[in-house]
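Here the structure is laid out as structure tokens; the discussion comes afterwards.
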Amino acid sequence: MLITFEGLDGSGKTTQIARLAPWLTAQGYSVLTLREPGGTTVGDALRTMLHDPAFGELCAHTELLLYSASRAQLVAERIRPHLAQGGIVLCDRFADSTLAYQGYGRGLPLDFLRQLQAFVTQEVQPALTIYMEIPVEESLRRRVLSGEFNRMDQQDIGFYQRVALGYRELIAQEPHRWHVVDAMLPPDQVEQHLRALIAAQVARLYHS
Ligand code: TMP
Numbered sequence: 000m001l002i003t004f005e006g007l008d009g010s011g012k013t014t015q016i017a018r019l020a021p022w023l024t025a026q027g028y029s030v031l032t033l034r035e036p037g038g039t040t041v042g043d044a045l046r047t048m049l050h051d052p053a054f055g056e057l058c059a060h061t062e063l064l065l066y067s068a069s070r071a072q073l074v075a076e077r078i079r080p081h082l083a084q085g086g087i088v089l090c091d092r093f094a095d096s097t098l099a100y101q102g103y104g105r106g107l108p109l110d111f112l113r114q115l116q117a118f119v120t121q122e123v124q125p126a127l128t129i130y131m132e133i134p135v136e137e138s139l140r141r142r143v144l145s146g147e148f149n150r151m152d153q154q155d156i157g158f159y160q161r162v163a164l165g166y167r168e169l170i171a172q173e174p175h176r177w178h179v180v181d182a183m184l185p186p187d188q189v190e191q192h193l194r195a196l197i198a199a200q201v202a203r204l205y206h207s
């Protein structure tokens with residue numbers, strides 16, 4: 000079972016994945032946690048390239064292909080083998096990030112992006128996608144507080160507003176797959192909420 004986590008930067012995806020993985024492992028599941036871009040040797044090299052502000056001149060098309068290349072390798076090398084063994088994969092970002100950031104954010108054509116994502120993911124689809132929702136202003140504030148800064152953090156606020164609206168459209172298009180979580184709640188509450196949600200999904204897929 001593939002569960003993906005999406006949201007603006009600073010929405011707490013990484014924190015929640017780090018909490019949920021040991022909880023699932025303690026129940027006997029084989030859990031793999033991954034983040035995009037990266038997760039493979041070539042993917043980590045692509046991540047360095049994508050995050051380094053020195054590569055600020057990447058055009059949108061190049062950016063799209065580098066994120067997609069990282070994902071293709073991750074699916075082939077890590078995700079598919081783990082799913083084939085019946086494991087659970089928790090992935091920090093997946094194809095929806097490309098639709099939100101390169102599609103809605105950069106304005107690249109969504110139909111083409113969908114085809115490309117079906118190709119690079121070999122049609123592997125998340126059973127559940129969790130959207131950690133925070134306002135755009137809060138995302139920018141948290142990023143400043145964290146002191147982290149990468150090439151994608153150089154966009155103006157309009158870019159992140161388009162990304163947030165894009166996520167909302169993606170959710171409206173496939174409401175059965177997405178689950179929206181109020182990521183402004185304290186992390187413990189978010190975790191309890193996610194545990195209940197994932198437990199129900201696991202019960203459906205593994206014990207029905
Ligand atoms: P993160 O590792 O802090 O989440 O940073 C990843 C950045 O890359 C984030 O700003 C979102 C962006 N991104 C895309 O623009 N497209 C993608 O397909 C992915 C996976 C990430």
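In case it helps, numbering that gives the first Met the number 0 puts the sequence shown at residues 0 to 207.
Think of the CB as a built atom: it goes at the ideal place given N, C-alpha and C, for glycine as much as any other residue.
No experiment lies behind these values; they were computed from the predicted model shown.
Shown here for residue 126: same chain residues with a beta carbon closer than 7 Å to its own, the five before and five after excluded, namely 0, 1, 2, 200 and 204 in chain order.
Residue 206 and residue 172 have their C-alpha atoms spaced approximately 28 Å apart.
Shortest gap from the CB of residue 97 to any heavy atom of the ligand TMP: under 7 Å. Annotation for residue 91: no alpha helix (DSSP H) segment contains it, though the beta strand (DSSP E) segment containing it runs 87–91. Here residue 120 is buried: its Cβ has 16 or more other Cβ atoms, across all protein chains shown, within 10 Å.
Secondary-structure assignment with DSSP links residue 146 through no beta bridge to anything.
DSSP, read as helix, strand or coil, puts residue 170 in helix. Counting only the Cα atoms, residue 41 lies some 8 Å from residue 72. At least one heavy atom of the ligand TMP lies closer than 7 Å to the C-beta of residue 151. Runs of the beta strand (DSSP E) lying entirely within the region 2–63 and spanning at least 3 residues, in chain order: 30–34. A distance criterion of 7 Å places the beta-carbon of residue 101 in contact range of the ligand TMP, judged by its closest non-hydrogen atom. Taking 7 Å as the cut-off, one finds no heavy atom of the ligand TMP near enough to the beta carbon of residue 43.
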